[in-house]
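For reference, the structure discussed in these notes is given below.
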Amino acid sequence: MSLGWKPRLRSAIGIITVCLLGVASASGQGDSAQKPLMSEEAFKDVQVLRGIPASEFIETMGFFAVSLTANCTTCHGDASAGSWEHYADNTPLKQAARRMVLMMNSINQANFGGKREVTCYTCHRGDRMPRVTPTIADVYNSTFNTIEPDQLLPAASGEPSFDQILDKYIQAVGGAQQWAKLTSFVVKGTSQAYAELAYPFEVYAKAPNQLMTVTHTEAGDRTTAYDGRNGWVAMPSDDKPIPLLPLIQGDLVGARLDATICFPTAIKQALTQWRVSMPITINDKDVEVVQGTADAGRTPVNLYFDSKSGLLVRQVRYTDTKVGLSATQIDYDDYRDVAGVKMPFKWTTSWLDGQTVYTVTQLQPNVPIDAVKFAKPAPPKPANP
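Structure (structure tokens):
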């Protein structure tokens, strides 16, 4: 089931090091297969984070934000809350951010052969100033975890194989024969993002792997479209400085995976390098953990299946950015029977700097859907001009 795009990217830009050019350069962008819009083309005064796609640049801002528990105005000043142009205002924190990125790169190059072992989060851990002195609370009141979130413990002997876990999942949601009878579906419901009103949303899905999600807000429509090969995101200017971008790298992998999960019989082919980890507990339920990779191993994806029912309860995927892996988590709930198969009627999308809960109120199976629904969307027009 699609989770849509991360709706409030503006709130993620906590330590942005540039000023925004505006949206003119984005409107001429081509399909995902073409050269993506680069950070120095989309934004002014890019000094350090050059040579990366604009979409990765924005993801990097989210990584900064969560590493320091910051937001836009932390570094750009109060005026930036009302105008993208004020991201040009030079501040000491923006200059410090540039120095920190260079320092991080230097540490990794000098000590780890260029491999990314040290990130902003390594030292800051959500604090503006890294702490240098441990406290008693750190010893007795915190949870110690030596495993990074994108790493997995090896499976214990006797654990089922990834084939067995995925086969059980397909059977749990109705079986391959029943899914072969479902060619499309349309969903309507409400979405609730953090600190936002509830907005209506729609999902259009067509087998085997086409998907479009649109959320209708007072600022305009938020649209994510995937046509089976290429994907795009269109956002109102209140949400994002660039109104239309192609999905690339980990974001494109995510769109493809969401489309596959809508018609899950092809899930084994969606990822490679499958492996099984130790079972864990989620919401007091034992779950099996399976990991696959995409994008030549750059994008790890963890899937969590209820050990008893076999249903998919969580997906966690990672997008590679200039400074570290950016996680997106999707929790699936309230499975119901529809046209002989089971589908989640609620899912929650969480990322480093936001969360949205989607609740389905209506689901229509086998509805004719015009191919134009999955095509590259137009930049959104304001709902209330």
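Position 370 (the sequence shown) corresponds to 369 in numbering that gives the first Met the number 0; numbering is contiguous. Beta carbons are placed, not taken as given, at the ideal position from N, Cα and C, and that holds for glycine.
query                                                                                                                                                                          : result
Tell me which same chain residues have a C-beta within less than 7 angstroms of the C-beta of residue 226, skipping the five on either side of it?                             : 209, 373, 374
Quick one, are the C-beta atoms of residue 317 and residue 281 less than 8 angstroms apart?                                                                                    : no
Which partner residues does residue 35 have in the DSSP bridge list?                                                                                                           : BP columns for residue 35 are empty, so no partner.
So what does DSSP say about residue 302, is it helix, strand or coil?                                                                                                          : strand
Going by DSSP in three states, residue 79 sits in which element: helix, strand or coil?                                                                                        : helix
Assuming residue 189 and residue 203 are in contact, meaning their beta carbons sit under 8 angstroms apart, how far apart are those beta carbons, in whole angstroms?         : Incorrect: roughly 17 angstroms between the Cβ atoms, too far for contact.
Using the Cβ count rule (16 or more neighbours within 10 Å means buried), how would you classify residue 106?                                                                  : exposed
DSSP three-state label for residue 168, please.                                                                                                                                : helix
Rounding to the nearest angstrom, what Cα-Cα distance links residue 347 and residue 104 in this structure?                                                                     : 34 angstroms
Could you pull the DSSP bridge partners for residue 215 from this structure?                                                                                                   : 220
For residue 287, which residues in the same chain have their Cβ closer than 6 angstroms to its Cβ, ignoring the five residues on either side in sequence?                      : 164, 278, 304, 306
Using DSSP with H/G/I as helix, E/B as strand and the rest coil, what is residue 210?                                                                                          : strand
How long is the line joining the alpha carbons of residue 405 and residue 247, rounded to whole angstroms?                                                                     : Outside the displayed span of the chain (0 to 384) sits residue 405, for which this structure offers no information.
On the three-pair Cβ rule with 8 angstroms, is the segment 254-269 touching the segment 42-49?                                                                                 : no
Does DSSP put residue 183 in a helix, in a strand, or in coil?                                                                                                                 : strand
Contact defined as beta carbons within less than 8 angstroms: I believe residue 234 pairs with residue 242. What is the distance between those atoms, to the nearest angstrom? : 6 angstroms
Does the beta-carbon distance from residue 222 to residue 55 come in below 8 angstroms?                                                                                        : no
What do you get for residue 101, buried or exposed, if any count of 16 or more other CB atoms within 10 angstroms of its CB means buried?                                      : exposed
Three or more C-beta pairs under 8 angstroms: does that hold for the segment 118-134 against the segment 330-341?                                                              : no
Quick one: grab the DSSP three-state call for residue 371.                                                                                                                     : helix
Could you tell me the distance, in whole angstroms, from the CA atom of residue 162 to the CA atom of residue 81?                                                              : 51 angstroms
Return the first residue and the last residue of the alpha helix (DSSP H) that residue 251 is part of.                                                                         : 248-261
Candidates 195, 271, 205, 201: which alpha carbon is nearest residue 217's?                                                                                                    : 195
So the alpha helix (DSSP H) residue 93 belongs to, where does it begin and stop?                                                                                               : 91-111
Rounded to the nearest angstrom, what separates residue 265 and residue 285 at their Cα positions?                                                                             : 25 angstroms
Ends of the alpha helix (DSSP H) at residue 54?                                                                                                                                : 53-67
DSSP three-state call for residue 358: helix, strand or coil?                                                                                                                  : strand
Exposed or buried, what is residue 366 when buried is set at 16 or more other beta-carbons lying within 10 Å of its beta-carbon?                                               : exposed
How far does the beta strand (DSSP E) with residue 281 in it extend, from its first residue to its last?                                                                       : 279-281
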